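Numbering follows UniProt numbering, in which position 192 of the sequence shown is assigned residue number 192; successive positions increment by one, without gaps.
We put the beta carbon where it would ideally sit given N, CA and C, even for glycine.
If you're wondering where the values come from, they're calculated on a predicted model, not measured in any experiment.
To keep things clear, I will list the structure first and then write my remarks on it.
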Amino acid sequence: MSQPGWYSDPHGSGRLRWWDGQRWTEHVHPPEPQQAPQPQQPQQAQQPAADAVVADVRGYRLHADRQGIAYGSASMVWAVVEWVAYWPTGQGQWVFQVGREPFHGGPRVEVVCDQEDLWNRLVELCRSHVEPRLVAELAGRVRAGERIDVGAGLGVHPGGLNGGRVSLGWTAVGGASIREGKVWLHQAGTEAPVLYVPQQNPNAVIIPALLAELKR
Numbered sequence: 001m002s003q004p005g006w007y008s009d010p011h012g013s014g015r016l017r018w019w020d021g022q023r024w025t026e027h028v029h030p031p032e033p034q035q036a037p038q039p040q041q042p043q044q045a046q047q048p049a050a051d052a053v054v055a056d057v058r059g060y061r062l063h064a065d066r067q068g069i070a071y072g073s074a075s076m077v078w079a080v081v082e083w084v085a086y087w088p089t090g091q092g093q094w095v096f097q098v099g100r101e102p103f104h105g106g107p108r109v110e111v112v113c114d115q116e117d118l119w120n121r122l123v124e125l126c127r128s129h130v131e132p133r134l135v136a137e138l139a140g141r142v143r144a145g146e147r148i149d150v151g152a153g154l155g156v157h158p159g160g161l162n163g164g165r166v167s168l169g170w171t172a173v174g175g176a177s178i179r180e181g182k183v184w185l186h187q188a189g190t191e192a193p194v195l196y197v198p199q200q201n202p203n204a205v206i207i208p209a210l211l212a213e214l215k216r
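Put into structure tokens, the structure is as follows:
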């Protein structure tokens, strides 16, 4: 079998295999059926999560979701945020800020919204993914015996709180509410507020939840 040609495949494939005069080649007859290429599944474009905020705000791209927020060249994941602040300016604008210490000079993301609905969605993300952690961390520090400053002026300590000329033990603390750009603190048994902190101050907006947690 020195002549080149098609001969019965010695490998037992049941086909004819080409002998080139010196060795068996890879060529068989009829050719091995080629497997049809598997149809590729169309790649689905990633869609933002249902609660994600995606918008163009003042010429910069805003994206916020369950992981964090990015606006223009600034970005931050919720897990590292150390302070939050958001408030209406009263002039058709709503400000949203998150950042890390120090408040002056530390990294932050700030968005000035012209649409209240957009601002509300950022606030809801913050309330869901940042504020519970901040409240738990600050309450833990107070319960461990530390005195902390919240809202740039309100001192909170194991015995109660103080700010300005007001000092209240925990039994006298009635709670706090947010309205008119301020966080109002109430004394137990009275409706009139005894102290307020500007809503725009760092972590002022979490004061009601923090006091409620510490009074439990």
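Starting from residue i, follow its DSSP beta bridges and name the residues at the other end.
i: E101; result: For E101, which the question treats as bridged, DSSP gives no partner whatsoever.
i: K182; result: R179 and P198
i: D9; result: The partner list for D9 (beta bridge, DSSP) is empty, contrary to what the question assumes.
i: V156; result: I148 and L161
i: V173; result: Q187
i: P193; result: H186
i: L168; result: L161
i: D56; result: R61
Run the CB neighbour count on residue i, radius 10 Å, all protein chains shown included, and call it buried at 16 or more, exposed below.
i: A204; result: buried
i: P10; result: exposed
i: Q46; result: Its pLDDT being 48, under 50, Q46 is placed unreliably by the model, and the measurement read from it follows with that caveat. By the 10 Å Cβ count, Q46 comes out exposed.
i: A136; result: exposed
i: G68; result: buried
i: R216; result: exposed
i: Q44; result: At Q44 the pLDDT is 46, less than 50, meaning the model places this residue with poor confidence and gives no usable figure here.
i: L211; result: buried
i: E82; result: buried
i: E124; result: exposed
i: V80; result: exposed
i: P158; result: exposed
i: Y60; result: exposed
i: P102; result: exposed
i: P202; result: buried
i: Y7; result: exposed
i: R143; result: exposed
i: E131; result: buried
Would you mind stating whether residue i and residue j have Cβ atoms separated by less than 7 Å?
i: V53; j: L122; result: yes
i: A176; j: I207; result: yes
i: G153; j: V197; result: yes
i: A139; j: E213; result: yes
i: Q199; j: G181; result: yes
i: G106; j: G99; result: yes
i: L118; j: A55; result: yes
i: N162; j: G155; result: yes
i: R15; j: W24; result: no
i: residue 217; j: L195; result: Coverage of the chain is limited to positions 1 through 216, which leaves residue 217 absent and any answer about it impossible.
Quick one: any contact between the region 111-121 and the region 83-99, if contact means 3 or more CB pairs under 8 Å? As far as the Cβ criterion goes, the region 111-121 touches the region 83-99, which means the pair count is three or higher.
Pick out the complete alpha helix (DSSP H) segments inside the region 58-129, 4 residues or longer, and give them in chain order. As for any alpha helix (DSSP H) of minimum length 4 sitting wholly inside the region 58-129, the runs are 116-129, ordered along the chain.
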